[in-house]
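Protein chains: 2
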Amino acid sequence: MGTKERREKHKEGLRQLILDAAIELFVTEGYESTTMRKIAEKIDYSPPTIYFYFRDKAELFDNICAETFGKLDQQMELLRAEVATEKSEPLVNLEKALRGYIDFGLRHPNHYTVTFILTSEFEANGGESRKKTTGLKTFGCMRQMVAEYLISKNGTDVGVEETSQALWAAIHGVTSLLITQKGFPFVEQKMLINKLVEILIKGVRN
Amino acid sequence: MGTKERREKHKEGLRQLILDAAIELFVTEGYESTTMRKIAEKIDYSPPTIYFYFRDKAELFDNICAETFGKLDQQMELLRAEVATEKSEPLVNLEKALRGYIDFGLRHPNHYTVTFILTSEFEANGGESRKKTTGLKTFGCMRQMVAEYLISKNGTDVGVEETSQALWAAIHGVTSLLITQKGFPFVEQKMLINKLVEILIKGVRN
DNA sequence: TTGACAAATCTAACGATGTTAAATAATCTT
DNA sequence: AAGATTATTTAACATCGTTAGATTTGTCAA
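Respectively, the protein sequence lines represent chains A and B.
Okay, so the first sequence: first residue is 1 according to the working numbering, each after it adds one.
Okay, so the second sequence: first residue is 207 according to the working numbering, each after it adds one.
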């Protein structure tokens with residue numbers, strides 16, 4: 001009975017086809033402009049077919065964003081591994097993490113928007129939208145790096161939670177402003193990021 | 207010919223009636239849920255009437271948000287006046303401004319969302335959505351306070367632009383995260399804000 | 001007062017959106 | 001081949017912001 005498997009292969013294939021079409025539209029046109037009908041048209045299926053593979057539009061894009069943010073997690077994981085092998089100092093690794101986060105957000109503005117800027121209404125729905133866990137995991141990586149720095153400095157990681165959340169908030173601030181407020185007369189992007197990171201690193205060091 | 211005036215009075219009155227109805231819905235239910243039809247129903251007019259007084263939904267809420275953010279500007283202006291009369295130190299006033307901004311955003315989450323979180327598409331439209339100028343003015347107040355601190359410290363205000371934008375980004379980060387990411391397991395709000403402000407102040411001081 | 005003109009408002013509808021119900025086609029199982 | 005399950009489609013619903021066009025209301029001059 002390889003028939004069932006073939007069927008599931010096809011099902012998996014179509015699922016991926018939907019995802020790919022959605023991603024391409026999403027990356028170039030953003031969340032709101034990426035219509036269920038456009039996705040369907042792109043793959044030559046009728047709109048309701050998508051609902052056979054994804055509960056709704058939110059779940060579809062939860063999947064897309066979770067996958068992309070997985071790459072950021074990997075990147076962070078790499079940095080964390082570095083400090084574990086004593087190859088570099090905790091504070092410069094933390095700085096790298098901050099910069100990596102911002103850079104990632106700016107390279108994937110639509111993913112970032114869906115994951116961290118658009119308001120999540122998953123209390124209205126049944127429950128655990130994947131967005132929640134995606135955000136949690138990504139943040140978790142950064143927290144560990146903060147913890148390692150605090151331990152290397154104070155011998156204890158007391159205050160990790162506040163500190164890492166505060167840092168996260170700050171870098172989320174630049175990232176989201178640069179993405180959403182295109183009309184604002186910002187100073188040059190790198191300069192702005194450098195200044196913020198400088199302030200943050202100085203601020204945690206004392 | 208006081209007749210024409212009476213007519214304009216009535217027009218002004220209805221305009222305000224629309225604004226008031228919109229505000230009430232907006233504050234309790236947010237931007238998306240505040241429908242043109244709901245507003246119309248609330249004041250017992252038909253939906254298209256609103257378009258006689260406001261170009262579109264965006265302009266209607268631009269007006270609402272601009273008015274509210276005017277209060278924040280006043281508040282900032284007061285702080286700035288304080289330092290001008292040598293009553294307090296620039297750095298503590300800057301800290302007050304940071305805290306005032308965050309607090310204001312959290313007290314008016316929907317206004318804040320429309321003004322600084324939702325992506326502004328005023329390049330697509332004809333031109334100067336008021337949102338742009340609202341944001342600029344509010345930011346301008348904070349920049350002046352940064353400038354006054356820098357001058358009091360270095361004798362010059364070189365670097366104001368980067369510094370004030372970096373600080374703005376940071377406090378926008380907490381504000382927007384606390385507003386939009388209700389499901390995230392944040393530490394206690396005051397603690398988070400304290401930590402961030404502490405980092406920022408320490409960071410600019412050195 | 002009345003009739004023309006303008007301002008204000010309404011009814012009806014358009015074109016999108018996400019989503020669902022119900023009918024149909026395709027595939028698998030027996 | 002018949003019946004049951006899975007996959008897909010057609011048609012439609014409920015909303016949304018918004019607009020066109022008719023209609024009422026108000027103003028002002030003859």
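Beta carbons are placed, not taken as given, at the ideal position from N, Cα and C, and that holds for glycine.
Treat the numbers as computed from the prediction; the structure is a model and nothing was measured.
- Using a C-beta cut-off of 8 Å, the region 383-401 of chain B makes no contact with the region 194-203 of chain A, since fewer than three inter-stretch Cβ pairs fall below that distance.
- Interface with chain A (7 Å Cβ-Cβ cutoff): Met282/B is excluded.
- Annotated three-state conformation of Phe258/B is helix, per DSSP.
- Taking 7 Å as the threshold, the shortest C-beta distance from Gln165/A to chain B falls below it.
- In the DSSP assignment, Glu32/A falls outside any alpha helix (DSSP H), carrying neither H nor E.
- The beta carbon of Met191/A falls within 7 Å of a beta carbon belonging to chain B, placing the residue at that interface.
- Among the residues of chain A, those whose CB is under 7 Å from the CB of Ile405/B are Ala166, Leu200, Gly203, Val204, following chain order.
- Note on geometry: alpha-carbon atoms of Asp73/A and Glu95/A lie some 16 Å from one another.
- Within the model, the alpha-carbon separation for Glu12/A versus Leu324/B is close to 35 Å.
- Between Leu78/A and the set Ala97/A, Phe52/A, Cys65/A, the nearest pair of CA atoms involves Ala97/A.
- Taking the C-beta atoms as reference points, Phe61/A is found nearer than 7 Å to Val114/A.
- Relative to the Cα of His108/A, the nearest Cα in the group Phe54/A, Arg15/A, Lys153/A, Ser176/A belongs to Ser176/A.
- Sorting Ala166/A, Phe184/A, Trp168/A, Met191/A by C-alpha distance to the C-alpha of Glu368/B places Met191/A at the top.
- Distance from the CA of Ile151/A to the CA of Ala166/A, rounded to the nearest whole angstrom, comes to 18 Å.
- Secondary structure of Asn206/A (DSSP, three-state): coil.
- In this structure, DSSP gives Pro185/A a state outside helix and strand, which the three-state scheme calls coil.
- Taking Ile245/B as reference, the option from Ala376/B, Gly236/B, Leu231/B, Thr340/B with the minimal CA-CA separation is Leu231/B.
- For Tyr101/A, the enclosing alpha helix (DSSP H) covers residues 90-107.
- The alpha-carbon of Arg205/A is positioned some 29 Å away from that of Val289/B.
- Between Ile43/A and Ala21/A, the gap from beta carbon to beta carbon is short of 7 Å.
- For Asp157/A, no alpha helix (DSSP H) run applies, since DSSP gives it neither H nor E.
- Any Cβ of chain B closer than 7 Å to the Cβ of His111/A would place that residue at the interface, and such an atom is absent.
- Out of Leu220/B, Arg286/B, Glu238/B, the CA that lies nearest to the CA of Thr255/B is found in Leu220/B.
- As the crow flies, the alpha-carbon of Cys347/B is around 6 Å from that of Met282/B.
- Straight-line measurement puts the Cα of Glu89/A at about 36 Å from the Cα of Glu295/B.
- Excluding the 5 residues flanking it on each side, Phe390/B has same chain C-beta neighbours closer than 8 Å at Leu383, in chain order.
- The alpha-carbon of Tyr251/B is positioned some 45 Å away from that of Thr134/A.
- Taking 7 Å as the cut-off, the beta carbon of Val380/B is found closer than this to the beta carbon of Ala169/A.
- Put simply, of Arg143/A, Phe69/A, Leu91/A, Ile18/A the residue whose alpha carbon is nearest the alpha carbon of Asp103/A is Phe69/A.
- Using a CB distance cut-off of 7 Å, Lys401/B counts as an interface residue toward chain A.
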